[in-house]
Ligand SMILES: Nc1ncnc2c1ncn2[C@@H]1O[C@H](COP(=O)(O)OP(=O)(O)OP(=O)(O)O)[C@@H](O)[C@H]1O
Ligand SMILES: [Mg+2]
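Shown next as structure tokens:
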């Protein structure tokens with residue numbers, strides 16, 4: 006037995022388990038995506054059991070490609086993911102830099118900052134859409150009404166009345182509508198995931214070399230220049246990590262989309278799969294394969310862009 | 060120009076007074092070295108001058124202008140840190156250019172000064188590397204380059220060589236000395252190293268617990284230490300200090316004799332003792348002598364070699380006129 010055989014043998018169970026774990030679902034999805042397979046069809050009952058005799062070739066793929074929501078779902082997936090990434094990274098860096106200073110009550114502030122991350126996605130969705138964003142009963146509705154009432158009451162005031170009489174009446178926005186439901190999802194997920202970014206950036210900021218900062222002060226760098234030339238490059242690696250992890254997570258958003266508008270005006274690939282899976286398992290599987298391809302494209306893109314920072 | 064004056068400067072961290080009121084003048088073009096035991100406030104003093112710490116009271120003047128409340132970058136000083144404090148994400152070129160970039164110097168001028176600094180410091184081949192790809196000595200040179208291009212009125216060094224190995228340290232020491240004689244800029248240098256202090260300084264400032272014990276040229280301090288502390292601190296190996304009856308014979312509370320000012324004989328002499336450890340360096344031999352009745356050990360330094368070994372009896376004789384005498388307050392008696 007050569008030196009390598011024993012270690013290989015010992016690794017085998019783990020490798021085999023991983024292969025099964027990945028390969029079985031993937032090959033089943035592939036299989037279903039090439040056959041006609043529906044849960045319920047009175048005219049063609051034979052389609053309700055998966056079998057090779059129902060072979061459809063690329064028919065399911067064609068069907069998905071031609072369905073009206075497919076392109077939109079891909080675009081919308083990317084739109085939601087990119088928006089969340091940009092917002093969480095910017096907010097995360099700003100908050101981390103602010104909280105990294107010493108001030109009274111810092112411990113409590115940090116705990117409070119982290120807490121949104123521990124709210125379940127579905128609960129997060131319900132809280133936001135009903136309590137914060139609802140145009141009548143939510144915080145948004147109350148705030149807009151309050152503002153309108155205030156403007157109305159000031160309209161008759163002397164001296165400044167004319168100013169407020171020129172103000173328009175504000176309309177609350179309905180975030181369940183076709184045009185706005187994606188923004189609602191972006192807001193709630195950003196709220197939930199910014200703490201994650203803050204947490205990672207904060208740890209990194211604490212390892213920043215103070216002597217470098219002092220050298221920069223002597224070199225005449227303003228606070229902004231120190232942030233721009235020292236802190237931001239120092240955060241390069243944690244930003245890469247935050248972007249990678251979040252990109253993977255948010256491509257599969259589901260609960261928030263379901264709760265905000267049931268996919269009205271706001272679908273992504275997982276949601277589309279869910280819709281097809283109500284009956285047409287073949288089409289759902291084909292969409293699943295498209296989702297795998299999209300995830301891989303995004304991953305390759307990210308690795309190209311970010312991998313270099315990570316490997317340095 | 061770069062004449063630095065501290066007037067009644069104090070510094071406290073919370074309730075702890077690290078620097079009691081202190082006056083010090085460093086003349087333009089002078090090479091001043093701060094020495095003292097660990098924690099005596101050398102770095103704090105340097106940081107006060109640089110402006111990285113605010114004084115608790117007192118004034119700091121640079122070229123007769125009061126800079127106590129002036130921001131660090133406006134004081135026109137450059138500092139080199141023990142940990143180099145290079146910017147790890149920038150190339151050597153960008154590191155050196157950084158202070159000029161912050162000051163809005165034109166690109167052409169930047170290039171010119173970078174090239175000059177790189178040439179002077181032997182860094183031309185490394186300009187496009189990142190600090191992580193350089194050796195310790197090269198990193199230290201980059202840090203010095205970054206200081207030079209600002210054309211400061213004074214350089215501040217905080218133990219710049221203590222992270223380097225012995226050979227490099229000697230080389231860099233010479234380079235800094237040469238740089239000083241070429242540029243004739245004021246330099247303030249903090250070190251633990253006796254040799255660095257003695258060889259580089261125009262003026263040594265000996266500190267203890269934030270108090271200046273003595274200021275003077277290296278040889279001044281060596282030949283005429285003002286008190287027992289300076290006597291024991293300057294010189295390597297340390298001066299032997301005795302109190303008691305032997306000191307009383309010289310009308311002093313304490314007397315000191317340097318190891319190199321003591322003769323050794325195996326047959327006769329003033330003090331008798333037994334050889335403990337003998338360290339043979341080739342050029343010199345350090346002998347630690349016990350049971351002299353004067354102090355725990357008396358260290359003797361003789362040029363060349365001598366055939367003594369552990370347990371031998373030897374006689375020690377102080378050279379005439381080389382005994383330092385101190386009174387009960389620890390001050391020198393002349
Ligand atoms: N930021 C600070 N807060 C509180 N105490 C401090 C602070 N910085 C320094 N000290 C104290 O001030 C004293 C002087 O410190 P300093 O760093 O100047 O010593 P040093 O002479 O440079 O020592 P070393 O030779 O070990 O570098 C020390 O007792 C130290 O504990
Ligand atoms: Mg120090």
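Residue numbers (our numbering), protein chains in the order written: chain H, 6 to 317; chain B, 60 to 393. Glycine included, each C-beta is placed from N, C-alpha and C at the ideal position.
Contact list for residue i against chain H, beta-carbon separation under 8 Å
i                      : result
residue 219 of chain B : Within chain H, no residue comes near residue 219 of chain B; the closest Cβ sits about 12 Å away, beyond 8 Å.
residue 111 of chain B : 219, 222, 223
Which listed residue (the options) has its alpha carbon closest to that of residue i
i                      : options                    : result
residue 273 of chain H : H:186, H:66, H:217         : H:186
residue 174 of chain B : B:208, B:142, B:135        : B:208
residue 272 of chain B : B:289, B:179, B:282        : B:289
residue 128 of chain B : B:108, B:147, B:139        : B:108
residue 98 of chain B  : B:201, B:378, B:270        : B:270
residue 155 of chain H : H:169, H:140, H:312, H:80  : H:169
residue 63 of chain B  : B:78, B:85, B:81           : B:85
residue 175 of chain H : H:233, H:147, H:197, H:252 : H:147
residue 379 of chain B : B:366, B:226, B:316, B:368 : B:316
residue 251 of chain B : B:293, B:134, B:284        : B:293
residue 170 of chain B : B:153, B:185, B:262, B:161 : B:153
residue 329 of chain B : B:135, B:312, B:351        : B:351
residue 85 of chain H  : H:38, H:171, H:252         : H:252
residue 125 of chain B : B:61, B:200, B:282         : B:61
residue 335 of chain B : B:358, B:221, B:320        : B:358
residue 3 of chain H   : B:79, B:204, B:356, B:391  : Not covered by the structure: residue 3 of chain H. The range shown for chain H is 6 to 317.
residue 227 of chain B : B:150, B:255, B:168        : B:255
residue 192 of chain H : H:58, H:284, H:137         : H:137
First and last residue of the uninterrupted alpha helix (DSSP H) at residue i
i                      : result
residue 276 of chain H : 274 to 281
residue 93 of chain H  : 75 to 104
residue 17 of chain H  : 10 to 38
residue 338 of chain B : That residue, residue 338 of chain B, is in no alpha helix (DSSP H); its beta strand (DSSP E) goes 330 to 339.
residue 258 of chain B : 253 to 259
residue 71 of chain H  : 64 to 71
residue 116 of chain H : 111 to 119
residue 153 of chain B : 151 to 162
residue 292 of chain B : 287 to 292
residue 129 of chain H : 126 to 131
residue 166 of chain H : 166 to 170
Pair within 8 Å by beta-carbon distance, residue i and residue j
i                      : j                      : result
residue 74 of chain H  : residue 144 of chain B : no
residue 303 of chain B : residue 297 of chain B : no
residue 216 of chain B : residue 244 of chain B : no
residue 198 of chain B : residue 190 of chain B : yes
residue 200 of chain H : residue 119 of chain H : yes
residue 131 of chain B : residue 222 of chain H : yes
residue 370 of chain B : residue 348 of chain B : no
residue 120 of chain B : residue 66 of chain B  : yes
residue 25 of chain H  : residue 195 of chain H : no
residue 247 of chain H : residue 93 of chain H  : yes
residue 289 of chain H : residue 282 of chain H : yes
residue 206 of chain H : residue 240 of chain H : yes
residue 134 of chain B : residue 100 of chain B : no
residue 390 of chain B : residue 264 of chain B : no
residue 188 of chain B : residue 151 of chain B : yes
Within chain H, partners of residue i - CB distance below 7 Å
i                      : result
residue 131 of chain B : 222, 223
residue 140 of chain B : 216, 220
residue 158 of chain B : 224, 225
Contacts of residue i in chain B (Cβ-Cβ under 7 Å)
i                      : result
residue 230 of chain H : 161
residue 235 of chain H : 146
Neighbour list for residue i in chain H, Cβ cutoff strictly below 9 Å
i                      : result
residue 137 of chain B : 223, 224
First and last residue of the uninterrupted beta strand (DSSP E) at residue i
i                      : result
residue 273 of chain B : 270 to 275
residue 347 of chain B : 343 to 349
residue 359 of chain B : 356 to 362
residue 93 of chain B  : 90 to 94
residue 239 of chain B : That residue, residue 239 of chain B, is in no beta strand (DSSP E); its alpha helix (DSSP H) goes 225 to 242.
Contact list for residue i against chain B, beta-carbon separation under 9 Å
i                      : result
residue 238 of chain H : 146, 147, 148, 149
residue 210 of chain H : Per Cβ cutoff of 9 Å: no residues; residue 210 of chain H is ~15 Å from chain B at best.
*Counting only runs that start and end within the region 136 to 162 of chain H, where is the alpha helix (DSSP H) found for 4 or more residues in a row?*
The region 136 to 162 of chain H contains these whole alpha helix (DSSP H) runs: 144 to 159.
*What are the complete alpha helix (DSSP H) segments, minimum 4 residues, inside the region 192 to 269 of chain H?*
The DSSP assignment places 215 to 223, 228 to 231, 241 to 255, 260 to 266 as complete runs of the alpha helix (DSSP H) inside the region 192 to 269 of chain H, in order along the chain (cut-off: 4 residues).
*Any heavy atom of ligand 4 within less than 5 Å of residue CB: hits in chain order*: For ligand 4, the structure offers nothing, since it holds only ligand 1 and ligand 2.
*Only counting runs of 3 or more residues, tell me where the beta strand (DSSP E) segments fall wholly within the region 174 to 220 of chain B, in order along the chain.*
Segments of the beta strand (DSSP E) lying fully in the region 174 to 220 of chain B: 213 to 217.
*asked:* In chain order, what are the residue ranges of uninterrupted alpha helix (DSSP H) at least 4 long that sit wholly in the region 102 to 147 of chain B?
replied: None, since the region 102 to 147 of chain B contains no complete alpha helix (DSSP H) of that length.
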